[in-house]
């Protein structure tokens, strides 16, 4: 029996995720970093899958929670998921689904779409995961906590990047109309994008202290 077998109704949520993949009984964690300075972590909890089975390998003595870890190449993963998403969008079968499976260290990650009598399958080569430095983060000192759809942030940063600016100013407006403001000034012009606190946009918008940073 393999290490993982999980079923997902919509693969679109996986399109922007890559790097070191960790699988455990609670779900999947995908982490990536840039220049050992910035890290991003995404979580796909077991509860979002229609079916989730994790069979842990024999864990080392010093491993409190059993898990497996590997790396994937970004463009390969995105290409496979894009094709599966297109297939799901065009299918005429309501019982179509995408399945992920992984048999353990050295084995590929398999992505397959079941659409009636047709089956599309991709086998993605996995690599040994390199050690990722942990970033010290004290949750008790959190000044701002904002959760919103990734596509909104992606579009905002694309607009910011188009100005050619080297620095981004992040500011939180407080008061009755709270908002997250991203601003930059570059060789191609300036941009300021305001993302308001609203039920349609932000799942969570918590501001414990005034925030105005440039990085």
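In mature numbering (1 follows the signal peptide of the UniProt record, and there is no 0), the protein residues as written are -27 to -1, 1 to 188. Just so you know, even glycine gets a beta-carbon here, dropped at the ideal spot from N, CA and C.
Looking at the backbone, the Cα of residue 18 and that of residue -1 are separated by about 4 Å. With contacts defined by Cβ atoms closer than 9 Å, residue 84 and residue 54 form a contacting pair.
Relative to the Cα of residue 116, the nearest Cα in the group 179, -7, 31 belongs to 179. The beta carbon of residue 166 sits closer than 8 Å to those of 129, 132, 133, 154, 155, 156, all from its chain and outside the five residues before and after it, given in chain order. Per DSSP, residue 58 lies in no beta strand (DSSP E) segment; the continuous alpha helix (DSSP H) that holds it begins and ends at 47 to 63.
Shown here for residue 158: same chain residues with a beta carbon closer than 6 Å to its own, the five before and five after excluded, namely 138 in chain order. Per DSSP, the beta-bridge partners of residue 82 are 75, 97.
In the DSSP secondary-structure assignment, residue 111 is not bridged to any residue.
Three or more beta-carbon pairs drawn from the stretch 89 to 104 and the stretch 45 to 60 are found closer than 8 Å, and the two stretches are therefore classed as touching. The three-state reading of DSSP puts residue 132 in helix, counting H, G and I together.
For residue 162, the beta-bridge partners assigned by DSSP are 159.
Closest in C-alpha terms to residue 144, from the list 161, 169, 125, comes 169. Straight through space, the alpha carbons of residue 43 and residue -6 are spaced by roughly 7 Å. For residue 173, there is no enclosing beta strand (DSSP E), as DSSP marks it with neither H nor E. In the three-state reduction of the DSSP assignment, residue -4 falls in the strand class. In the three-state DSSP reduction, residue 13 falls in the strand class (E or B). Taking C-beta atoms under 8 Å as the contact rule, residue 102 and residue 5 fail to qualify, at a distance of about 11 Å. If you draw a straight line from the Cα of residue 109 to the Cα of residue 176, it is about 25 Å long. According to DSSP, residue pairing for residue 178 in a beta bridge involves 119. Beta-bridge analysis with DSSP links residue 92 to 87. Of the residues assessed, residue 120 falls on the exposed side of the cut-off, its CB having fewer than 16 other CB atoms within 10 angstroms.
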